[in-house]
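Residue numbers (full-length UniProt numbering): 1 to 767.
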């Protein structure tokens, strides 16, 4: 926070979207000095023949508009197309120690990386390195390992299908399945929890289902900030009179009222659309109790003679109903309401909305996935949908609203630390080597290996790994034990400053930039959150002649590391069509005729068996699965305990900070804030603007503490508080996660308020 911009809390009472979003878009283009260039790029973004948005994974509509982007997509493009540059002169000016003192926002604003750099320990600075020398260093470090399992290969969700596929082949030919991936920290419970229920770890809806839904539930997801283009679907649904039920511990502005920036009439008249027809103010961790309350209401109605359950569907397509009924009916309404924080009357009311709907979509985000029982919690969402037969028909299904663009695609094409034996057989047959058969590391296991000293090399394909992971201080120490860290990225971030003894920064061609090789101009492909695969072709010239496409970097790492490989890396480096042909060979059921299908400007849809009422489970049925009890996190027996959810501001995407403000929540020029219920503040003797510290409840010997946090009176549910990620990641223990998926339980961290010893700048409270 700068002295020129004092901290302020000023409640935001306007609709989300509208002129505020339009103004923010223009401001960011001017701020990055790309008003003309950026505007040209926005016309090509998410359009046939153009490039896919580098931000979220929400699909393109069936009928695209001339402008098909949102405010946050515009920010992502502006920061990618920025005129700011991180050059060798920049690195000559600052030591890494000095850069570590800078904020994440400051690092982001420095701009694009322009040439490969290596860390020089003598000067504590990054210095230029030739590309050939950089690849030779990677090859030497990997070849020197006692075991391939001493290397960790991270992937960001921005990585395109072609690059991710080759990366998985390179790493498996090297000899390990160590694939810590950004999905491990967000929607891994979707990938690991849903297959046992419905046979696939993906959502089951397509965009047209929003047009046919009779009810939509949005749970644990801040649509207006994290996937704003989805707001168009919700606006249209509300105009049709479709009830939209929002279940969340804090109200979100976009799901209260929204003005669609591309609606000329609304913009001209300053109009807006009310979105949620019912807001359910759940306690953090209370979602399971709500789901069981809704299911109990359905079972009770059935017992009273109503035809509520879709028994034809259940008898033909499912197994396990009796065990689910026994579990749900064993939960008392008193416990359901106490743990959820929601009245029996409201739960029955939303159950009635669900009961009356003949086609229901349930959308969810990390408010459900990031709990200690996140995977099994999602199975309860599937249970709820199965009871009414909400699969395999228009307007119905489950919809994980994934974050990063292509995070789902990376998993589809092989970025998976737990690959199936069938997939490994196909890799063997397609490439002529025997891949490793043992499971590799997810993110938390990779950190444990670093901390234990058994991991020696870390290669990060995009992302900001060390800033995204839990237990910041422990993770920093673990990362610094490595012999080599490699950051493959467009921009400088914290992950490049917390490094191994040797370190490389390898700058890449951005999503919005043209890929040219000896074989001509190339394109890549992206899978969105609804399993649509589309081509992405950049429109800008690369930032400098020294950056390289990600696919080339993967191929050259493989050539430097695997001198006797029979895989034609040199060919794949210049021609991406053979890569797609190999993807089709390894995944014939979903990617057959890949190279032909992708010629369709609108792309194609991957097969989702539950849409055909096909269940790829061991018993060929969709399964009702039981999660006993009503808690999704280990209880802490202390009346002073609060549950902390780490959240994004409206001006950030994952760990990328676009500004220090959060317009929709009314916070300006401050990220060290805590949103707290007024009654919880009163119980602790706190006032609006009080500065506090937070400490984690933990018995593992590590003290986790963050100081200098300003309390803001906000309509949170009782016992729930929220604050920004990644600043509050130090409070999240490494051993606080979902056992099935390994996903950190970042939405329910047990903390207590402690006295602050920091001198924080005052925040002005207005309104």
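Here a beta-carbon is modelled for each residue, glycine too, at the ideal position from N, C-alpha and C.
Query                                                                                                                        : Result
For residue 237 and residue 353, believed in contact at Cβ under 8 Å, the rounded distance                                   : Incorrect: roughly 13 Å between the Cβ atoms, too far for contact.
Reduced DSSP secondary structure (H/G/I, E/B, other) of residue 507                                                          : strand
Contiguous alpha helix (DSSP H) assignments of at least 4 residues, all confined to the stretch 222 to 261                   : 223 to 226, 230 to 239
Chain C within 9 Å of residue 85, Cβ atoms only                                                                              : Checking the listed chains, one finds no chain C in this structure; it contains a single protein chain.
Ordered list of beta strand (DSSP E) runs contained in the stretch 665 to 740, each at least 3 residues                      : 673 to 676, 691 to 696, 705 to 713, 720 to 724
Euclidean distance between Cα positions of residue 140 and residue 567                                                       : 20 Å
Same chain, Cβ closer than 6 Å to residue 267, neighbours up to 5 away in sequence not counted                               : Bear in mind that the predicted position of residue 267 carries a pLDDT of just 46, short of 50, making it unreliable; the figure below should be weighed with that in mind. Nothing meets the Cβ criterion.
Rounded straight-line distance, which links the Cα of residue 244 to that of residue 218                                     : 7 Å
Residue 400, DSSP secondary structure in three states                                                                        : strand
Residue 515 - containing beta strand (DSSP E), residue span                                                                  : 515 to 517
Span of the beta strand (DSSP E), counted from its first residue to its last, around residue 520                             : 520 to 522
Per DSSP, cross-strand counterpart(s) of residue 642                                                                         : 751
Beta-carbon proximity of residue 643 to residue 565, cut-off 9 Å                                                             : no
Distance CB(residue 76)-CB(residue 656) smaller than 9 Å                                                                     : yes
Inside the stretch 313 to 368 only - beta strand (DSSP E) runs reaching at least 3 residues                                  : 360 to 364
Residues of its chain near residue 329, where Cβ-Cβ distance is below 7 Å and the 5 sequence neighbours each way are ignored : 296, 299
Own chain, CB closer than 7 Å to residue 331, minus 5 neighbours either side, in chain order                                 : 292, 296, 630
Endpoints, alpha helix (DSSP H) assigned at residue 37                                                                       : 35 to 44
Assigned exposure category for residue 754 - 16 Cβ within 10 Å defines buried                                                : exposed
Cα-Cα separation between residue 147 and residue 654, rounded to whole angstroms                                             : 33 Å
Cβ pair residue 82, residue 111 closer than 9 Å                                                                              : yes
Pair within 9 Å by beta-carbon distance, residue 467 and residue 726                                                         : yes
Euclidean distance between Cα positions of residue 543 and residue 117                                                       : 16 Å
Supposed contact pair residue 554 and residue 126 - C-beta distance, whole angstroms, cut 8 Å                                : Incorrect: roughly 22 Å between the Cβ atoms, too far for contact.
Three-way DSSP call (helix, strand, coil) for residue 539 in this model                                                      : coil
Segment contact flag, the stretch 311 to 328 with the stretch 383 to 394, C-beta cutoff 8 Å, min 3 pairs                     : yes
Pairwise C-alpha distance: residue 609 and residue 617                                                                       : 11 Å
Cβ contact (3+ pairs, closer than 8 Å) linking the stretch 336 to 348 and the stretch 283 to 291                             : yes
The stretch 425 to 432 / the stretch 581 to 588 touching (three or more Cβ pairs under 8 Å)                                  : yes
Which of helix, strand or coil DSSP assigns to residue 161                                                                   : helix
Proximity of residue 769 and residue 29 at Cβ, strictly below 9 Å                                                            : This structure cannot speak to residue 769, because the chain is shown only from 1 to 767.
Strand pairing of residue 56, partner residues [DSSP]                                                                        : 404
The stretch 737 to 748 / the stretch 475 to 488 touching (three or more Cβ pairs under 8 Å)                                  : no
Residue 443, DSSP secondary structure in three states                                                                        : helix
Neighbourhood of residue 349 by C-beta distance below 8 Å, restricted to the same chain and skipping five residues each side : 278
Sequence-distant residues of its chain with Cβ nearer than 7 Å to residue 634 (five each side left out)                      : 372
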